[in-house]
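Novice: Numbering follows our numbering, with no gaps: position 204 of the sequence shown is 204. Dumping the structure here so I can ask a few things about it.
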Amino acid sequence: MCDVRTEFHSLGFVVTPGLISSAVIEEARDALSRRMARAHQAGDAALHSFRRDAAIRACFTKELRAFAAGLARVGRPLRKPLSVLTITVMPTARAWERPLPHIDHANKEDGHRTFPPAFRLGCIVYLSDVRSQSGATIVWPGSHARIEALAKSDPERYQYRWALNRDLTLLDLGDPAELRANAGDVLFYHHLLAHAGSMNTGAEPRFALNHKW
1 MCDVRTEFHS LGFVVTPGLI SSAVIEEARD ALSRRMARAH QAGDAALHSF
51 RRDAAIRACF TKELRAFAAG LARVGRPLRK PLSVLTITVM PTARAWERPL
101 PHIDHANKED GHRTFPPAFR LGCIVYLSDV RSQSGATIVW PGSHARIEAL
151 AKSDPERYQY RWALNRDLTL LDLGDPAELR ANAGDVLFYH HLLAHAGSMN
201 TGAEPRFALN HKW
């Protein structure tokens, strides 16, 4: 765990397999697929909704929550969420474009302060295999440290996350990485990691779950 924690604090993220069984992933994917098939009739490219389905919540296994607790330096497994944000990215015929980076919880109307953070740790559970340009998460490795340094350079200016997010363009965040994943892999990320969702030019929907502690 020490090596993983070191990697997490260096890069701002880790992708970890083996925390959820394939049977649990398949049941969650089937449950989400049935619901999203009906919602897709509205024509949305990316479908976001909070769900309380037992099959979806089951993905937050004790092993996953214990692993998350280790990254967050909490002494016991984190709580299983009562509801989970589901994110479905439907296929598109448009040409793939690299997205712009953002940090989470940065809507101005929400008024989330930068410190103390609005959440300690974010995670994305992939219910589908994710290949290049097929709805992968884009991350900027190490960007969390640069963003934190910017925030601390002017605490008054950056007391709110929306102000920090607005000024990401002032930073050299480095080169982005497209995270390819297998169904069941879990991305854990720092609350200040610059990241983005991306277009799905593949043939199948990309199903994933998102939660923050």
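Where a beta carbon is used, it is the ideal one built from N, C-alpha and C, also for glycine. Bear in mind the structure is a predicted one, so any value in this text is a computation, not a measurement.
Would you check if the distance between the CB atom of residue 192 and the CB atom of residue 87 is smaller than 8 angstroms?
Specialist: No. Outside cutoff.
Novice: In its own chain, which residues sit with a C-beta less than 7 angstroms from the C-beta of residue 67, not counting the 5 before and 5 after it?
Specialist: Once the five neighbours on either side are set aside, the close Cβ partners of residue 67 are 16, 19.
Novice: Expressed to the nearest angstrom, what Euclidean distance is found between the alpha-carbon atoms of residue 73 and residue 206?
Specialist: Near 31 angstroms, if we compare the C-alpha coordinates of residue 206 and residue 73.
Novice: So, is residue 6 buried or exposed, given that buried needs 16 or more other C-beta atoms within 10 angstroms?
Specialist: Label assigned to residue 6: exposed.
Novice: Quick check on the DSSP output: the beta strand (DSSP E) that includes residue 70 runs from which residue to which?
Specialist: Careful: residue 70 lies outside any beta strand (DSSP E), inside the alpha helix (DSSP H) at 62–72.
Novice: Have a look at 3, 84, 188, 47 and flag the residue whose alpha-carbon is nearest the alpha-carbon of residue 123.
Specialist: Here the closest residue by C-alpha is 188.
Novice: Would the beta-carbon of residue 34 fall within 8 angstroms of that of residue 82?
Specialist: Contact flag unset, no.
Novice: Are the C-beta of residue 21 and some C-beta of chain C separated by less than 8 angstroms?
Specialist: No chain C is part of this structure, which consists of one protein chain only.
Novice: Is residue 83 helix, strand or coil by DSSP?
Specialist: It is coil, neither helix nor strand.
Novice: How would you label residue 94, buried or exposed, when you count the other beta carbons within 10 angstroms and need 16 or more for buried?
Specialist: With fewer than 16 Cβ atoms within 10 Å of its Cβ, residue 94 is classed as exposed.
Novice: Since I believe residue 208 is in contact with residue 127 (beta carbons under 8 angstroms), could you give me their beta-carbon distance rounded to a whole number of angstroms?
Specialist: Confirmed, Cβ separation roughly 6 angstroms.
Novice: Apply the 10 Å Cβ neighbour rule to residue 28 and answer buried if 16 or more other Cβ atoms are within range, or exposed otherwise.
Specialist: Classification for residue 28: buried.
Novice: In angstroms with no decimal places, state the Cα-to-Cα distance between residue 125 and residue 157.
Specialist: Distance between the alpha carbons of residue 125 and residue 157 is about 34 angstroms.
Novice: Within 10 angstroms of the Cβ of residue 12, are there 16 or more other Cβ atoms? Answer buried if so, exposed if not.
Specialist: Residue 12 is buried by the Cβ-count criterion.
Novice: Going by DSSP in three states, residue 168 sits in which element: helix, strand or coil?
Specialist: Residue state, collapsed to three classes: helix.
Novice: Where do the N-terminal and C-terminal ends of the beta strand (DSSP E) with residue 16 fall, by residue?
Specialist: 13–16 is the span of the beta strand (DSSP E), which, as asked, contains residue 16.
Novice: Between the C-alpha atoms of residue 182 and residue 202, what's the straight-line distance to the nearest angstrom?
Specialist: Between residue 182 and residue 202, the C-alpha separation is close to 15 angstroms.
Novice: Out of 26, 3, 8, 4, which one is the CA nearest neighbour of residue 129?
Specialist: Comparing Cα-Cα distances from residue 129 to each of 26, 3, 8, 4, the minimum goes to 26.
Novice: Please state whether DSSP places residue 147 in a helix, a strand or coil.
Specialist: Helix at residue 147.
Novice: In this structure, how does DSSP classify residue 190 when only helix, strand and coil are distinguished?
Specialist: If DSSP states are grouped into helix, strand and coil, residue 190 belongs with the strands.
Novice: Residue 92: which of 134, 161, 48, 14 sits nearest, CA to CA?
Specialist: When only C-alpha atoms are compared, the closest one is 134.
Novice: In angstroms with no decimal places, state the Cα-to-Cα distance between residue 177 and residue 139.
Specialist: Between residue 177 and residue 139, the C-alpha separation is close to 5 angstroms.
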